[in-house]
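Asker: Going by our numbering, the letters in the sequence shown line up with residues 40 to 402, in that order. Before I ask anything, here is the structure I am working with.
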Amino acid sequence: MDIAIKRRLSVFLFIFLLFLSGCAGVPKKGEIAAFDINGTAYYPLVRICEQKDIAWEYDTLTRSMTLAYGEHRINLRAGESIALVDGRPIHLSHPVEIYQGTMAVPEKFREQVLDVVFGRPQAVPTTYALSSKLRKVVIDAGHGGVDPGAIGRSGLREKDVNLDIAKRLSLILTQGGVEVVMTRSTDKFIPLPRRVEITNNSGADLFISIHSNANRVRSLNGFEVYYVSSGVSDSKRALSSAKSAPLNLEKAYFSGRSQTIKAILWDMIYTQSRAESIELSHSICRSMDDSTGVKVIGVKSAGFQVLRGPSLPSVLVETGFLSNSDEECKLKNSYYRQKIAEAVADGVANYAQEAVLVRMAHK
Ligand SMILES: [Zn+2]
40 MDIAIKRRLS VFLFIFLLFL SGCAGVPKKG EIAAFDINGT AYYPLVRICE
90 QKDIAWEYDT LTRSMTLAYG EHRINLRAGE SIALVDGRPI HLSHPVEIYQ
140 GTMAVPEKFR EQVLDVVFGR PQAVPTTYAL SSKLRKVVID AGHGGVDPGA
190 IGRSGLREKD VNLDIAKRLS LILTQGGVEV VMTRSTDKFI PLPRRVEITN
240 NSGADLFISI HSNANRVRSL NGFEVYYVSS GVSDSKRALS SAKSAPLNLE
290 KAYFSGRSQT IKAILWDMIY TQSRAESIEL SHSICRSMDD STGVKVIGVK
340 SAGFQVLRGP SLPSVLVETG FLSNSDEECK LKNSYYRQKI AEAVADGVAN
390 YAQEAVLVRM AHK
């Protein structure tokens with residue numbers, strides 16, 4: 040867990056403890072006292088989670104809460120009457136409220152959402168398998184066809200390096216039992232919007248774009264992973280997605296819904312997927328550090344179009360600088376490219392494993 044989340048968590052815990060102390064003695068053990076909000080019975084969500092052994096995380100910035108139980112995730116936001124359940128929207132009888140400093144859900148939430156989702160039998164893996172968390176990954180080899188991307192001094196073309204590493208990564212993941220969708224598997228030009236469309240229609244869990252860097256400063260070298268920057272407003276992205284994007288979510292739910300509701304949903308999806316993208320970026324950098332001896336510049340954020348579009352956790356890997364002769368020379372070597380692909384795959388595997396382990400630890 041990163042420090043920011045921990046801090047948010049502890050702030051929330053503090054508020055929660057204050058709340059508890061204020062109500063000391065009121066509820067009997069095992070019984071959760073209801074509040075009345077505008078004539079509707081509400082329950083404090085953290086108490087329900089505590090009772091049902093559900094792990095939760097509260098984000099003060101977006102006033103949203105994520106519940107995790109086994110493989111299931113539920114995302115809620117104060118003021119909205121929608122719950123995102125494993126990425127699918129469920130309409131609630133009443134909006135989620137903040138009451139006495141804690142998130143409160145309408146009475147029906149338990150039977151409408153919790154009992155349905157968390158009541159399902161769980162298959163918690165005793166031994167870790169990559170495919171238990173990741174079913175499908177989109178791998179995007181940057182550039183291609185008429186667009187060569189960066190070109191090194193000795194003529195090495197980015198599009199070729201990207202495709203080779205993407206194919207190697209695809210093979211490793213496929214062997215690990217993960218289904219892979221490639222936005223291109225040949226030297227072909229694919230426009231960015233088409234790549235985003237392929238990704239959003241794929242039903243995949245992750246999007247990984249492979250690139251190689253270039254810079255006027257030829258001494259620059261190293262490996263970087265990007266996630267979409269927070270400078271790009273989630274709400275803005277959400278609005279444009281609501282207008283144009285083909286949603287992966289239930290079509291029936293969306294027909295007849297207003298743009299506003301669609302935009303809220305997208306906003307919730309983006310908030311959640313950015314947090315996961317950051318986790319994944321760090322995990323990939325750690326693996327690269329451990330196993331290749333490559334200089335790791337680290338994790339950065341950017342507003343790349345290819346990262347702005349997809350609604351799933353997305354990262355862009357810059358494998359090295361073609362503008363640096365040393366690195367160009369290394370990237371020419373297939374053994375080196377294999378090492379890069381293996382390290383990215385390890386990073387993905389560790390990210391998936393951590394996600395599973397964290398959820399198990401919370402149980
Ligand atoms: Zn590129």
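Glycine included, C-beta positions come from ideal geometry on N, C-alpha and C. Predicted, not measured: the structure shown is a model, and the values here were computed from it.
What does the alpha-carbon distance come out to for the pair residue 106 and residue 364?
Answerer: 48 Å
Asker: Among residues of its own chain, excluding the 5 on either side of residue 353, which ones have a beta-carbon nearer than 6 Å to its beta-carbon?
Answerer: 246, 316, 346
Asker: Mind checking which residues open and close the alpha helix (DSSP H) that includes residue 201?
Answerer: 197-214
Asker: Report the residue from 240, 327, 86 whose alpha carbon sits nearest the alpha carbon of residue 351.
Answerer: 240
Asker: Within the continuous alpha helix (DSSP H) that includes residue 236, where are the two ends?
Answerer: Segment 231-239, the alpha helix (DSSP H) holding residue 236.
Asker: Would you call the CB atoms of residue 186 and residue 222 closer than 8 Å?
Answerer: no
Asker: Within 7 Å: the Cβ of residue 188 and any heavy atom of ligand 1?
Answerer: Using a cutoff of 7 Å, the CB of residue 188 counts as near ligand 1, since one of the ligand's heavy atoms is closer than that.
Asker: Candidates 131, 177, 374: which alpha carbon is nearest residue 150's?
Answerer: A check of alpha carbon separations from residue 150 across 131, 177, 374 identifies 131 as the nearest.
Asker: Please name the residue, chosen from 194, 80, 262, 209, that lies closest to residue 332 on a Cα-to-Cα basis.
Answerer: 262
Asker: The alpha helix (DSSP H) that contains residue 364, what's its start and end?
Answerer: Counting along the chain, the alpha helix (DSSP H) containing residue 364 begins and ends at 364-371.
Asker: Pull up the DSSP beta-bridge partners for residue 252, would you.
Answerer: 360
Asker: Excluding sequence positions up to five away, which residues of its chain have a Cβ less than 7 Å from the Cβ of residue 229?
Answerer: 183, 222, 223
Asker: Given a cut-off of 8 Å, decide if residue 94 and residue 108 are closer than it, judged by their beta-carbon atoms.
Answerer: yes
Asker: Quick one: is the Cβ of residue 183 within less than 7 Å of any heavy atom of ligand 1?
Answerer: No, Cβ of residue 183 sits at least 7 Å from all heavy atoms of ligand 1.
Asker: Does DSSP put residue 125 in a helix, a strand or coil?
Answerer: coil
Asker: Residue ranges of each beta strand (DSSP E) run of no fewer than 3 residues wholly in the region 77-111, ordered along the chain?
Answerer: 79-83, 94-98, 103-108
Asker: Short check: CB of residue 200 to CB of residue 209, under 8 Å?
Answerer: no
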